[in-house]
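6 is the number of the first residue of the sequence shown in our numbering; add one for each residue after it. Glycine included, every Cβ here is placed at the ideal spot set by N, Cα and C. Small disclaimer: the values here were computed from a predicted structure and weren't measured.
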Amino acid sequence: MSDRPALAKPRWDVPSHARWSANLSASHWAVCATKPRFAAIAARISGIAEGKQVEAVKITPDAVEEFLDHPIFLGPEELKTRISIPGVAAGLAWTAYGGDVLFVEATSMGGSKGFQTTGSIGNVMQESARAALSYVRSRADELGLPEDFYENMDIHLHVPAGAQRKDGPSAGVTMATALVSLISGRKVKRRVGMTGEITLRGQVLPIGGVKSKVLAAHRFGLKTVILPKRNEVDLDDVPDEVKKSMKFVFVETVDEVLDAALEKKPVAKKKIEAKRAEKK
């Protein structure tokens with residue numbers, strides 16, 4: 006039996022301060038082990054201080070920042086900042102802490118068929134990136150892209166949070182979407198997230214961790230989630246209140262992903278340059 010005092014279930018939302026709301030107690034004490042001031046706060050909240058009862062502490066939303074400092078996960082606000090120009094897409098990933106939203110960024114520069122990937126991604130994810138590029142190149146005409154777009158261009162694909170190791174095939178649809186968005190000038194719809202492995206022929210294959218990924222999308226403020234058709238049965242594990250608040254698009258091909266994820270009209274080049282200037 007643990008000698009750690011039980012913490013009451015929080016009555017405020019914690020996603021902006023932590024990624025462990027489903028298991029707050031265990032994570033809280035892990036933090037306490039490294040931050041003594043959190044240990045003192047925990048003891049105060051629990052009413053335990055050297056075995057003596059202390060005054061009641063009422064935790065309100067306004068008090069959260071006093072205890073946990075400023076929010077470090079911005080959710081919908083981060084979406085607005087990140088997905089403001091073509092070439093950026095929100096993917097759903099599974100990590101050691103559960104589901105998460107990872108952005109894929111694509112940019113281009115003058116060159117000759119150069120392609121690089123960064124962001125501490127593993128071999129499988131690098132292969133997914135190359136498969137995505139090959140698919141886009143082979144389908145350029147059908148996708149409404151210049152067939153020779155790659156002749157005088159270098160492309161750089163980046164997955165931010167570079168200190169975090171990432172791998173797996175489920176970012177394939179996100180990478181393909183980011184590439185088509187970049188080349189076509191069509192932005193990704195702001196509150197759309199996606200996950201799925203792709204083949205060179207443009208099929209979308211099933212992936213794992215659906216429940217965790219959907220919960221992460223919900224926490225982050227995404228309203229539409231694109232999933233492989235063969236993962237539809239996995240939604241049975243997702244709470245009904247979450248499913249009712251979101252739209253799910255089940256796909257079998259990359260074309261279906263692009264149709265659901267991209268804005269219809271391209272962004273004017275001047276607007277893209279203005280957005281980039283705002284971020285500097």
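Pairing CB atoms from the stretch 214-230 with CB atoms from the stretch 97-106, are three or more of them under 8 Å? Output reads yes: the stretch 97-106 touches the stretch 214-230.
Just tell me which of L205, L187, V219 has its CA closest to the CA of M199. Residue V219 is the option with its Cα nearest to M199.
Is the Cβ-Cβ distance between L187 and S113 less than 8 Å? Annotated as proximal: L187 and S113, with beta-carbon spacing under 8 Å.
Measuring straight from C-alpha to C-alpha, what distance separates G213 and D153? Each residue's alpha carbon lies about 36 Å from the other.
Between the alpha carbons of E268 and V193, how many angstroms are there, rounded? Computed Cα separation, rounded: 6 Å.
Give every residue of the same chain whose Cβ lies closer than 7 Å to the Cβ of Q208, excluding the five residues on either side of it in the sequence, and list them in chain order. The beta carbon of Q208 lies closer than 7 Å to those of E257, T258 in the same chain, with the five residues before and after it left out.
Looking at the structure shown, is A101 part of a helix, part of a strand, or coil, going by DSSP? Here A101 sits in coil by DSSP.
Starting from the C-beta of N131, find all residues in its chain whose C-beta is less than 7 Å away, skip the five residues before and the five after it, and write them out in chain order. Correcting the residue identity first, residue 131 is Gln in this sequence and not Asn. Non-local beta-carbon contacts of Q131 in its own chain, meaning distances under 7 Å to residues more than five positions away in sequence, involve T122 in chain order.
For M114, which residues does DSSP report across the bridge? In DSSP, M114 forms a bridge with D159.
Can you list, in chain order, the residues of its chain with a C-beta nearer than 6 Å to that of G287? Leave out the 5 residues immediately preceding and following it. Limits of the chain in this structure are 6 at one end and 285 at the other, which puts residue 287 out of reach.
Starting from the C-beta of S189, find all residues in its chain whose C-beta is less than 8 Å away, skip the five residues before and the five after it, and write them out in chain order. Excluding residues within five positions, the ones whose Cβ falls inside 8 Å are P91, L148, G149, L150, L267, P271.
Between the Cα of I128 and the Cα atoms of D239, A145, D242, D172, which residue gives the shortest distance? Correcting the residue identity first, residue 128 is Asn in this sequence and not Ile. Of D239, A145, D242, D172, the residue nearest in Cα terms is D172.
List the residues that DSSP assigns as beta-bridge partners of M199. DSSP lists G96, I231 as partners of M199.
Can you pull the DSSP bridge partners for T122? For T122, which the question treats as bridged, DSSP gives the partners L162.
In angstroms with no decimal places, state the Cα-to-Cα distance between Y140 and A181. Approximately 8 Å, taken between the alpha carbons.
Simplified DSSP state of T258, which is helix, strand or coil: For T258, the three-state secondary structure derived from DSSP is strand.
Between the alpha carbons of N28 and D241, how many angstroms are there, rounded? Only weak support is given to the placement of N28: the predicted model assigns it a pLDDT of 42, under 50, and the value that follows is read from those uncertain coordinates. Roughly 21 Å between the two C-alpha positions.
Beta-carbon separation of G177 and E202 under 8 Å? Contact: yes.
From T100, E261, P244, L97, residue whose alpha carbon lies closest to that of V185: If you compare the alpha carbons of T100, E261, P244, L97 with that of V185, the shortest gap goes to E261.
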